[in-house]
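Read through the structure below, which is laid out as structure tokens, and then see the notes.
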Amino acid sequence: MTSADTRSQKYPVGIDSVSMAEIERRVPAGEAPPLPPNAQLAVIGKSIPRINGRAKVTGAAPFTVDVKLPGMLYARLLRSPLPHARVMSIDIGAAERHPGVRAIHVINDVVGRAVETTGQNTPAGTSGRRVLYVGDPIAAVAAVTPEAAQAAVDLIKVDYQPLAFVVDLEDARKPDAPRVFTHPVHGESFAGGNPAGAALPQQGNVLGPNKSGSRGDAAAGFADADVVVEHEFRTQVQTHCCLEPHGLVADWRKDGLTVHMSTQFTAGIRAELAAAFGLPLSRVRVIVDAMGGGFGSKSSAGNYARAAVTLSRQANAPVRLVLDRHEEQIDSGNRPATVQRLRVGARRNGTLTAIAIDTYGTSGVGLGAGIGNFAQAIYDCANFELLQSDVFINAGPGCAMRAPGNVPGAFALEQTIDELAEKLGMDPLTLRERIDLSAVRREERRIGAARFGWNRRRAPGSDSGPIKRGLGMAQSLWGANVRTNSACEVRIFRDGSVEVLSSVQDIGTGIGTVLAQVVAEELGLRPEDITVRIGDTEYPAGPPSYGSLTTASITPPARNAAYQVLRKLIEIVAPSIAAAAGNLVARAGRISTADNSRSIGFREAAAQLPTDQIGVVASRSDDYAGFARKMGDMASAQNALGGVQFAEVAVDTETGIVRVERVVAVQDCGRPMNPLQIESQVQGGILQGISYALFEERILDRHTGHMLNANLEQYKILRSRETPAIEVHLLENYQGMSATDAYGIAEPSNIATAPAIANAVYNAIGVRLRQLPMSPAAVLAALGRIPQRSGPT
Amino acid sequence: MLDTTLPDFLASDAQAAERDAVGPGPVPLTLDVNNVSHSLFIEPKTTLAEALRDSLDLTGTKVGCDRGACSACTVWLDGKPIAACMMLAIDVGSRKITTIEGLAHGDELHPVQSAFIAHDAVQCGFCTPGLVMSCAALLESNPTLTIDDIKAATSGHLCRCGTHPHVHDAMLDASRIRKT
Ligand code: FES
Ligand code: FES
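Structure below.
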């Protein structure tokens, strides 16, 4: 950047409750001027009610499952009933003749899983492919009613040659285990826990180890250690269970494809479908209005969306395909299971000398069952060794789920750090003061400990009765992610109305409300004055709603677009009030001189526009001081996101039931944009964390490969009765990095919960639970009251 | 409020047996929904949730599981919350159905709806119509609520986004307002 297109600005930096300072940054010329801290703002940082709240509480909000198009057909999928089989032949004759059937599509190319490089998924001499898990999609039917579609699916005759299979993680690692893949595989890290490594060793069902992320010399570090702690931890498979199922209505026409889809990434789905069907981006439109939860599982188009589009093209009619709850459980992604062996060495004073982690896990037929960057990045330790392997089993592929990798990773490491503290005779907070270099988490520990009453904590197992109480804490780390390929338009109309447009979607976080706040703040208007148009690729391509990057990616361009379009308006109206454009600002519904001596109402100003509307499109600039990492469209900010959570539990040692009674969470997300909505997200992260810690577990039958609890009654999820008192405290952490300085919150709020509970359970009963979920049976087994279970994974 | 008594249509088995067998083809049927009488021609196997969503375009009622496990489909049957996916439309008879679309009086929201907005007891919003219906029924029947009343009344509702704490806040607030 030359100095001609940059300028110097002073930005507030610091944590509001610690100390604030100013820093000078060179920023691109089009950037809006620095924002003061939230206390000095009118709209940003305020708990504005969400703009679609009314639509959501009255049932008016249109979800994908509510979309009905004229002539719409209904599709159902035929799925493999076997965990592993060769499809010898498929006969669709009877299905084709079934009344009402309009199209049948046999699925030959599958996505979203590891792929054998030699293409052995479709062996010669068979008419189909090898199906790899119960629920693997085989064919799709579109018909005039859902019943006719299902009836036709049932009429498809498939000749399966059953093959040996394995669904148990430990069984799958044995040298003589049935092979899920018989040839070398490659693929993306769908579950996101570890990077997909090029050319990793592959032995049987084990792919790895992947050693990327290691540093220093672990052996030397352990030789230096006064104390070493070593244990194995196990985490289960969790399913996403979005309340709105995965689904879409695909409408293929001669002039292009329109897809209404419950998705976390309209622009990404557009790119994916355009590539899959050989269409130009300009001929694919993806729309989502209200969206019923994704948590990572609705980020890509998958096999089901491809099937619906294909059927629509064949039938020449819109096709609706919505998964049922059983399909959701077996084939819409999941958080992989992990087995982690951790070794941590330290000196007497707590200084870490080495961390070594050997971990394997399973993402079913997918990849990415690793443990993220939690252990790698949270504590100061020069010597770090990481071995990660994926183990294939005949189960549906995993995919990213809220803080992939770091959630299981934190469960293991944060318990190990507590064990280390105990061995060193240190308080868990004191040890973390020594090994955690983050100033943000230091402040979070201080605030959290005071609010929670950490000084009430007693020695493990102090209660004498059958119900024992305990306190625990754990920390969070997540990347402050940004997608620079994120754009937004702001328009001012001649009648004074204002629009903000982006394809970014609101999956329940309230990003639309935040956009209204950002634009209103810049234009001196109220949030209700801003019309928010999002969730449609007709608008400038916005970011996905994953990776906790949405707010960080789209609010700076929204503010910059608002700023630039306002400057245009000001240039036009300045002469009419005999003021220099450079002296004019927008506030309280008027455009006025800084001293308020001359002004014009926003609406009257807009009336002077020479055209019906003016607009500016802006996209995300780089963070002002640069990113820590940038790869293509994706980047990570220099400072990661933190978070510290404290949990209070009561453990009934007779029934084994763990009750979480209270959680205090102190979180940071840069500049908080809408504290009430952020609080909602943090509560959600904590509740999902409790649910993961205590209740949820996919159970596969090792004899049939079927999921035994593929529903919402036996797959246990926390509900209102298990909801504890939750207190959320938000740090304001200003860094002067973008036009809004805002970052994400969804994932960091989900990471520390399970280990905080585990540490609290230990404090209550004096016995560690190193396996999830901490079910009554697991607690009783840990207490030695019943035998250890060796159940299905 | 948990109602453990069997609905009438189950309690009077004898009566059900006497009814003439109908179906599987469509049959005429009248449904009283939100104080409007609708004439439908639907298969007897149609659930109330399907009749509302597909035949009457009242899509505010959501289906999350279609088997009584999530309560997303909660509507009122004569003022009491039921799971619309667990009842056949044909079994409603002359009883009154109230759906989320019928809760507000015109532009004036039910106090529970207003409280949900004020306390941000909404994230993705897919569970919200069902939760609002259960919460509104609770407030109608018991204006002085404790947190345990609220937890009991919403214990069947699955909210994957985790709005429960804000639902509790909203209901305590709505109850406070109702009392004053
Ligand atoms: S849809 Fe009726 S209870 Fe889940
Ligand atoms: S708000 Fe998303 S399920 Fe309740």
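Respectively, the protein sequence lines represent chains A and B.
Each step along the first sequence adds one to the number in my numbering, with nothing skipped, and position 743 is 749.
Each step along the second sequence adds one to the number in my numbering, with nothing skipped, and position 80 is 83.
Positions of the beta carbon are idealized from the N, C-alpha and C atoms, including for glycine.
Computed from a predicted model, the values in this text were never measured in an experiment.
Where B:Lys-99 is concerned, the enclosing beta strand (DSSP E) starts and stops at 99 to 101. Runs of the alpha helix (DSSP H) spanning 4 or more residues and lying entirely within the region 313 to 341 of chain A occur at 331 to 337, in chain order. Between the alpha carbons of A:Glu-37 and A:Gly-742 lies a distance of about 12 Å. Residues of the region 58 to 72 of chain A that bring their beta carbon within less than 9 Å of a beta carbon in chain B comprise Asn-58, Gly-59, Arg-60, Ala-61, Lys-62, Val-63, Thr-64, Gly-65, Ala-66, Ala-67, Pro-68, Phe-69, Val-71 and Asp-72, in sequence order.
A:Arg-464 and A:Pro-730 have their C-alpha atoms spaced approximately 21 Å apart. DSSP lists A:Met-640 as the bridge partner or partners of A:Met-637. Per DSSP, reduced to three states, the secondary structure at B:His-169 is helical.
With the rule of 3 Cβ pairs closer than 8 Å, the region 79 to 87 of chain A does not count as touching the region 541 to 557 of chain A.
Within the region 682 to 708 of chain A, Leu-682, Gln-683, Glu-685, Ser-686, Gln-687, Gln-689, Gly-690, Gly-691, Ile-692, Leu-693 and Gln-694 place their CB atoms closer than 8 Å to a CB of chain B, listed in sequence order. Those residues of the region 129 to 154 of chain B placed with their C-beta closer than 8 Å to a C-beta in chain A are Phe-129, Cys-130, Thr-131, Pro-132, Val-135, Ile-153 and Lys-154, ordered along the chain. Residues of chain B with a Cβ closer than 8 Å to the Cβ of A:Asp-542 do not exist, since the nearest Cβ in that chain sits about 18 Å away. Within chain B, the C-beta atoms nearer than 7 Å to that of A:Glu-719 come from Ala-72, in chain order.
In this structure A:Gln-673 is not in contact with A:Ser-726, their Cβ atoms being roughly 23 Å apart against a cut-off of 8 Å.
Taking a C-beta distance under 8 Å as the contact criterion, A:Val-71 and A:Val-294 do not qualify as a contact pair. Our two residues, A:Glu-719 and A:Ile-696, have alpha carbons roughly 17 Å apart in a direct line.
Taking the C-beta atoms as reference points, A:Gly-199 is found no nearer than 8 Å to A:Ser-218.
The Cβ of B:Ile-103 sits closer than 8 Å to at least one Cβ of chain A.
Residues of chain A with a Cβ closer than 8 Å to the Cβ of B:Asp-69 are, in chain order, Asp-330 and Arg-331. Residue-level contact check: B:Pro-168 touches chain A, since one or more beta carbons of chain A fall below 8 Å from its beta carbon.
With contacts defined as CB atoms closer than 8 Å, A:Val-397 and A:Val-212 qualify as a contacting pair. Listed in chain order, the non-local C-beta contacts of A:Ile-98 below 6 Å within the same chain comprise Ile-110 and Ile-162, local neighbours out to five positions each way being set aside. Contact between the region 228 to 246 of chain A and the region 279 to 286 of chain A is absent: fewer than 3 CB-CB pairs across the two stretches fall below 8 Å. The Cβ-Cβ distance between A:Met-479 and A:Thr-561 does not fall below 8 Å.
Inclusion of B:Phe-129 and B:Lys-182 in the CB contact set at 8 Å is not warranted, their separation being larger than that value. Your pair A:Arg-408 and A:Gln-694 checks out as a contact, with CB atoms roughly 6 Å apart and the cut at 8 Å.
Collapsing the DSSP output to three states places B:Asp-94 in a helix.
Taking 7 Å as the cut-off, one finds no heavy atom of ligand 1 near enough to the beta carbon of A:Ala-48. Short of 6 Å from the beta carbon of A:Arg-349, and not among the five residues preceding or following it, lie these beta carbons of its own chain, in chain order: Glu-236 and Ala-362.
A:Cys-405 does not reach chain B, its nearest Cβ partner there being about 16 Å away, counting only Cβ pairs nearer than 8 Å. In the DSSP assignment, A:Val-524 falls within the unbroken alpha helix (DSSP H) covering 517 to 529.
Residue A:Arg-500 holds the alpha-carbon nearest to the alpha-carbon of A:Ala-612 among A:Val-93, A:Val-164, A:Arg-500 and A:Asp-257.
With respect to chain A, the C-beta atom of B:Val-39 has no partner C-beta closer than 8 Å.
In this structure, A:Asn-340 and A:Gly-299 do not form a Cβ contact; the two beta carbons are roughly 15 Å apart against a cut-off of 8 Å.
Look at which beta carbons fall closer than 6 Å to any heavy atom of ligand 1; those residues are B:Val-66, B:Gly-67, B:Cys-68, B:Asp-69, B:Gly-71, B:Ala-72, B:Cys-73, B:Ser-74, B:Ala-75, B:Cys-76, B:Ala-86 and B:Cys-88. Cα atoms of A:Gln-614 and A:Val-579: separation of roughly 7 Å, rounded to the nearest angstrom. Under the three-state reduction of DSSP, A:Arg-596 is assigned to strand.
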